[in-house]
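Enquirer:
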Amino acid sequence: MLFDRFGRPVTGVRISLNPSSLCNFNCIFCHSEGIFEEPRNTMTADEIQRITRILTRFGVDVVKLTGGEPMLRRDIVDVVQKLGELPLRELSLTTNGTRLVELADVLKDKGLDRVNISLHSLREERFTFITGVRRLSYTLEAIKRAVEVGLTPVKLNVVVMKGVNEDEVDDIIDFASSLGGGEKTKVQFIELVAEGSASSSFYREFHADLSSIEERFKRIAVEERVRQLHLRHQYLLPNGVWVEVVKPMHNSAFCMADNRIRITYNGQFKPCLLRDDNLVDFLSAMRSGADDEALAEMFKKVVWLREPFFKLKESSCCSCG
Numbered sequence: 386m387l388f389d390r391f392g393r394p395v396t397g398v399r400i401s402l403n404p405s406s407l408c409n410f411n412c413i414f415c416h417s418e419g420i421f422e423e424p425r426n427t428m429t430a431d432e433i434q435r436i437t438r439i440l441t442r443f444g445v446d447v448v449k450l451t452g453g454e455p456m457l458r459r460d461i462v463d464v465v466q467k468l469g470e471l472p473l474r475e476l477s478l479t480t481n482g483t484r485l486v487e488l489a490d491v492l493k494d495k496g497l498d499r500v501n502i503s504l505h506s507l508r509e510e511r512f513t514f515i516t517g518v519r520r521l522s523y524t525l526e527a528i529k530r531a532v533e534v535g536l537t538p539v540k541l542n543v544v545v546m547k548g549v550n551e552d553e554v555d556d557i558i559d560f561a562s563s564l565g566g567g568e569k570t571k572v573q574f575i576e577l578v579a580e581g582s583a584s585s586s587f588y589r590e591f592h593a594d595l596s597s598i599e600e601r602f603k604r605i606a607v608e609e610r611v612r613q614l615h616l617r618h619q620y621l622l623p624n625g626v627w628v629e630v631v632k633p634m635h636n637s638a639f640c641m642a643d644n645r646i647r648i649t650y651n652g653q654f655k656p657c658l659l660r661d662d663n664l665v666d667f668l669s670a671m672r673s674g675a676d677d678e679a680l681a682e683m684f685k686k687v688v689w690l691r692e693p694f695f696k697l698k699e700s701s702c703c704s705c706g
């Protein structure tokens, strides 16, 4: 296992399968999603497997696939199959549910362990307003299908916005309970972040501080535990559903417990989630003939570049891992 200069182990990796702009939803709070075009210079399934195999040599055994929308990859089944061949403790995927009704059982069979699925409203018109698409019924079907085939726990990601969907917190918890709760369905309520489309006036109008919601969860919970990743508290509610409040990442507690490295769709390693001025280019090295030992040394460099805590750098940048 590799530790950075500040004693944090690196055990996880988040791999973006395509750029954040490649998505078939157009959520009002998101950063440049909804641009449906093929990206250039994207890692192939074989390249993703090769990079991840090298990371497993150093104890990385938790992989999360993200996007944009990762299910838009034509080779998503191949990507999952190749990663499923590696000695991973968990392989998960964050999605809006696209193609999941059709592919859930196949992905499970190829090695996918669980999914996070975005569900910002249970009401058709609100869902359409938030996401820009009329796909609520399909999304609900995708969630149910994921539970059925065992891609569990299915975590529902809910961005809470003032005056938009904050009155649906309990409804979404009840929906999760109806699908089994416990280790089958969990809910993450996400606080709006001031970036992308959610900047300036939009943020001021729609930001909802979730502290009071978390205090209520804490008050009524029958059990509370601290998640090792990011030190977030999880609450088991009386109806059997685990809930979690995701606060903005611009804080030292997030960085202190962060054990993930991030990889962009074009093979750039990010030592810090919110920083783009110290990327390490693995894809160019691979395509120029670098052997596995050279790539392993590059990974050690990435880990060395991690900083110990959140701090501003040249305006509004963080230097966390």
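All letters in the sequence shown, in the order written, are residues 386 to 706 by the working numbering.
Using N, Cα and C, we set each Cβ at its ideal position, and we do this for glycine too.
For a test of the three-state rule: what should DSSP assign to Thr513, helix, strand or coil?
Expert: Residue 513 sits at position 128 when you count from the first residue of the sequence shown. If DSSP states are grouped into helix, strand and coil, Thr513 belongs with the helices.
Enquirer: Can the beta-carbon of Val687 be found closer than 8 Å to that of Phe654?
Expert: Mapped onto the sequence shown, residue 687 falls at position 302. Mapped onto the sequence shown, residue 654 falls at position 269. Their beta carbons are under 8 Å apart, which means Val687 touches Phe654 by this criterion.
Enquirer: Shortest alpha-carbon distance to Val518 belongs to which of Ala531, Ile557, Leu504, Gly535?
Expert: As a first step, residue 518 is located in the sequence shown; it is residue number 133 there, counting from the start. Checked all of Ala531, Ile557, Leu504, Gly535; the closest Cα to Val518 is Leu504.
Enquirer: Could you check which residue in Arg474, His592, Ser596, Asp643 has the C-alpha nearest to that of Leu616?
Expert: Here residue 616 refers to the residue found at position 231 when the sequence shown is read from its first residue. Of the candidates Arg474, His592, Ser596, Asp643, the one whose C-alpha sits nearest the C-alpha of Leu616 is Asp643.
Enquirer: Within its chain, find whatever has a CB closer than 6 Å to the CB of Asn426; leave out the 5 residues flanking it on each side and keep chain order.
Expert: Reading the sequence shown from its first residue, position 41 is the one you call residue 426. Cβ within range, chain order: Asn651.
Enquirer: Taking only the alpha-carbon atoms, compute the straight-line gap between Asp391 and Arg399 and give it to the nearest angstrom.
Expert: As a position in the sequence shown, residue 391 is number 6, starting the count at 1. As a position in the sequence shown, residue 399 is number 14, starting the count at 1. Residue identity differs from the one stated: residue 391 is Phe in this sequence, not Asp. One C-alpha to the other measures close to 21 Å.
Enquirer: Just reading off the alpha helix (DSSP H) that Val500 is part of, what are its end residues?
Expert: Here residue 500 is taken as the residue at index 115 of the sequence shown, counted from 1. Here Val500 belongs to no alpha helix (DSSP H); instead the beta strand (DSSP E) covers 499–503.
Enquirer: In chain order, which continuous runs of the beta strand (DSSP E) of length 3 or greater are located wholly inside the region 415–458?
Expert: 447–451
Enquirer: Assign Leu616 to one of three DSSP states: helix, strand, or coil.
Expert: Taking the first residue of the sequence shown as 1, we reach residue 616 at position 231. Leu616: coil per DSSP, three-state reduction.
Enquirer: How would you label Gly482, buried or exposed, when you count the other beta carbons within 10 angstroms and need 16 or more for buried?
Expert: By one-based count along the sequence shown, residue 482 stands at place 97. The residue in question, Gly482, is buried, as its Cβ has 16 or more Cβ neighbours within 10 Å.
Enquirer: Return the chain-ordered list of same chain residues with a C-beta closer than 7 Å to the C-beta of Pro404, the five sequence neighbours on each side being excluded.
Expert: Taking the first residue of the sequence shown as 1, we reach residue 404 at position 19. These residues qualify, in order along the chain: Pro424, Gly453, Tyr650.
Enquirer: Have a look at Glu418 and Leu407 and give me their C-alpha separation to the nearest angstrom.
Expert: On the sequence shown, position 33 is the one that residue 418 refers to. On the sequence shown, position 22 is the one that residue 407 refers to. Note that Glu418 scores 49 on pLDDT, short of 50, meaning its location in the model is unreliable and no value can be drawn from it.
Enquirer: How do the region 470–484 and the region 514–530 stand: do at least 3 beta-carbon pairs fall below 8 Å, yes or no?
Expert: yes
Enquirer: Below 8 Å on the Cβ atoms is my contact criterion, and I expect Ser506 with Asn542 to pass it. Report the Cβ-Cβ distance as a whole number of Å.
Expert: The sequence position of residue 506 within the sequence shown is 121, counting from 1. The sequence position of residue 542 within the sequence shown is 157, counting from 1. For a cut-off of 8 Å, the C-beta gap from Ser506 to Asn542 is around 12 Å, too long to register as a contact.
Enquirer: Take Arg458 and list the residues in its own chain whose beta-carbon comes closer than 7 Å to its own, dropping the five residues that flank it on each side.
Expert: What you label residue 458 is simply residue 73 of the sequence shown in a count that begins at 1. Within the same chain, Arg458 has close Cβ partners Leu402, Asn403, Val464.
Enquirer: Can you check whether the CB of Ala579 is closer than 8 Å to the CB of Val534?
Expert: Position 149 of the sequence shown holds residue 534. Position 194 of the sequence shown holds residue 579. Their beta carbons are not under 8 Å apart, which means Val534 does not touch Ala579 by this criterion.
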